[in-house]
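Protein chains in written order, with the numbering used here: chain H, 5 to 120; chain X, 5 to 248.
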């Protein structure tokens, strides 16, 4: 229970960082904070934090940023599902390969940044 | 507002505290820079403002006369449109963080009478329109977003067109203007009032480039927005016609 409260606090901080105003030229350099935190928690405790949490967090991010309702939710669900499926393997990888395997979060950027 | 849209606008209510929280550091920096200023710079600014106020006052007197005359003439013509309206100053709470969307969030919502489709201006021109009015905050689509369109008219030649945003350059683009149209660099475009969304006669943008490429059917004309879309912190909400 205490853990989940801590998870929520980190997620709220990540959302603040995602909303923080940035100069126009730096908009591209903003990391996907919320997704990074979600991936971290999925890897640390995959049975408490997985697809369901990702969907809820994505939906609240949609409301906060005013994007199409469900866009971030879908993108995050997809990425977290893959991370969840791979979490045992990712733990075994050397560090560099771990980093590369998180390139699956590219799905998220594709889905969330480009609005069709 | 019905069904899903109303659910969505209610959902913005719990999001508002977080937006205020994120807005706090920017506000703090503003307050600090406001407090820490030398006496001399304040005196200079004061003199400047007094000068400007005098100028604006003299202009306002003329405008008041013109406005009343205009209204009188319009009643003579039995036209429904009158130059007046309620206004409200709102502050920017957040800007959109996505690189390809140009939206801002204001700290006024339906509580203050804001409605969907309401025009938003700043001191120098048209900013955009409200696309979703929540209970305490509202989201504004800026005119340089690709999904925005404004009916405009050239001051010099009177040509009417629709101006849309261009997400890549942050400029405005005139849509479907024939290559024979009389548009030159530095022409000013005002809102035309056609389409009933924006009040007539507010500056939208100035032409910065006109390209008449034989390969394309229409001229490619770019406008620089008159409003300071990236830097304005306070904007003006205007109640227009039937909503007033």
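By construction, the Cβ of each residue, glycine as well, lies at the ideal position given by its N, Cα and C atoms.
What residues in the region 16-39 of chain X have a beta carbon less than 9 Å from any beta carbon of chain H?
Legend: CB atoms of the region 16-39 of chain X lying less than 9 Å from CB atoms of chain H belong to residues 16, 18, 19, 22, 23, 25, 26, 27, 29 and 30.
Please specify which runs of the beta strand (DSSP E), each continuous and at least 3 residues long, are wholly inside the region 68-153 of chain X, giving them in chain order.
You should have 91-99, 107-110, 123-126, 129-137 and 142-146.
I'd like to check one pair, residue 190 (chain X) with residue 161 (chain X): are the Cβ atoms closer than 7 Å?
When the beta-carbon positions are compared, residue 161 (chain X) and residue 190 (chain X) stay at least 7 Å from each other.
First through last residue of the alpha helix (DSSP H) which encompasses residue 96 (chain H)
Segment 75-96, the alpha helix (DSSP H) holding residue 96 (chain H).
Cβ separation of residue 209 (chain X) and residue 222 (chain X), assumed to be a contact under 8 Å, to the nearest whole Å:
18 Å between Cβ atoms; not a contact.
Of the residues that make up the region 91-102 of chain X, which ones have a beta carbon closer than 8 Å to any beta carbon in chain H?
Those would be 98, 99, 100, 101 and 102, in chain order.
Quick one, are the C-beta atoms of residue 53 (chain X) and residue 107 (chain X) less than 7 Å apart?
Not closer than 7 Å, so no.
Own chain residues within Cβ distance below 7 Å of residue 237 (chain X), not counting five before or after
Annotation for residue 237 (chain X): 95 and 96 place their beta carbon closer than 7 Å to its own, counting only its chain and skipping 5 residues before and after.
Quick one: is residue 59 (chain H) near chain X, going by C-beta distance under 7 Å?
No - not a single Cβ of chain X is within 7 Å of the one on residue 59 (chain H).
For the alpha helix (DSSP H) containing residue 205 (chain X), name the first residue and the last one.
Counting along the chain, residue 205 (chain X) sits inside no alpha helix (DSSP H), nor does DSSP assign it H or E at all.
In the DSSP assignment, what residue or residues form a beta bridge with residue 16 (chain X)?
Residue 16 (chain X) pairs with nothing; no bridge assigned.
Quick one: residues in its chain with C-beta nearer than 8 Å to the C-beta of residue 23 (chain X), no 5 flanking neighbours on either side, listed in chain order?
Within the same chain, and ignoring the five residues on either side of residue 23 (chain X) in sequence, the residues whose Cβ sits closer than 8 Å to its Cβ are 97, 98, 109 and 141.
Could you pull out every residue in the same chain whose Cβ sits closer than 6 Å to the Cβ of residue 47 (chain H), ignoring the five residues on either side in sequence?
Hits under 6 Å: 91.
Along chain X, in chain order, which residues have C-beta atoms closer than 7 Å to that of residue 22 (chain H)?
Neighbours of residue 22 (chain H) on chain X, chain order: 101.
Boundaries (first-last residue) of the beta strand (DSSP E) holding residue 179 (chain X)
Taken as a continuous stretch (DSSP letters only), the beta strand (DSSP E) holding residue 179 (chain X) covers 176-182.
Any idea if residue 215 (chain X) is buried or exposed, counting beta-carbon neighbours within 10 angstroms, 16 or more meaning buried?
With fewer than 16 neighbouring CB atoms inside 10 Å of its own CB, residue 215 (chain X) falls in the exposed class.
I'd like to know if the region 124-143 of chain X and the region 227-242 of chain X are in contact, where contact means that at least 3 CB-CB pairs between them fall below 8 Å.
By the Cβ test, the region 124-143 of chain X is in contact with the region 227-242 of chain X, since at least three Cβ pairs between them sit closer than 8 Å.
What are the boundary residues of the beta strand (DSSP E) that residue 238 (chain X) is part of?
Residue range 238-242 is occupied by the beta strand (DSSP E) that includes residue 238 (chain X).
Name, in chain order, the residues that DSSP records as bridge partners for residue 226 (chain X).
X:177 and X:213, per the DSSP bridge assignment.
Expressed to the nearest angstrom, what Euclidean distance is found between the alpha-carbon atoms of residue 240 (chain X) and residue 17 (chain X)?
Approximately 22 Å between the Cα atoms of the pair.
Near residue 38 (chain X), what residues of its chain come up, given a Cβ to Cβ distance below 8 Å and the 5 sequence neighbours on each side ignored?
Correct list: empty, nothing qualifies.
Chain H contact for residue 133 (chain X) (CB, 7 Å cutoff)
Not one chain H Cβ lies under 7 Å of residue 133 (chain X).
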